[in-house]
Amino acid sequence: MQPLPLQVIEEPQLPEWLLAFGQVASLLSGIIGILIAYVAYRGYRRNDSRPMLYVATGFGLALGVPFVLFPLVLTLPGHLAQPLYVVQMSSQLAGLLMILYALRMRP
């Protein structure tokens, strides 16, 4: 008895322009996320506001870390890129939780 494939339908082939648009959007969102983290960190330093520190750290984790790791995921072989993908997703989740915590925190 042969094992059944996990995926029974083929993945749709996206047009090249759509793939390029996705890459440019990812690049811009990473850069903007790092800029937001920097501005939030400056706000923390200027006003000594702990919530701003959590916002800065959250944006850095949610958008900055995946942005920095993205080229490594593309260049490494599949078995080495998988742990980095897990780190990217975990970093995004931790960053969003930190932003949520900062929004619920009392100054």
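Take -14 as the starting number for the sequence shown in our numbering and just add one per residue. The beta carbon of each residue, even a glycine, is placed where N, CA and C say it ideally should be.
Asked: Among ALA22, LEU61, PRO56 and ASN32, which one has its Cα closest to the Cα of LEU48?; Found: ALA22
Asked: State whether the stretch -7 to 3 contacts the stretch 24 to 37, with contact taken as three or more CB pairs (one from each stretch) at a distance under 8 Å.; Found: no
Asked: Which of helix, strand or coil does DSSP assign to GLN(-2)?; Found: coil
Asked: Quick check: what's the CA-CA separation for LEU53 versus GLY15?; Found: Correcting the residue identity first, residue 53 is Val in this sequence and not Leu. Computed Cα separation, rounded: 8 Å.
Asked: Taking C-beta to C-beta, are TYR86 and GLY43 nearer than 9 Å?; Found: yes
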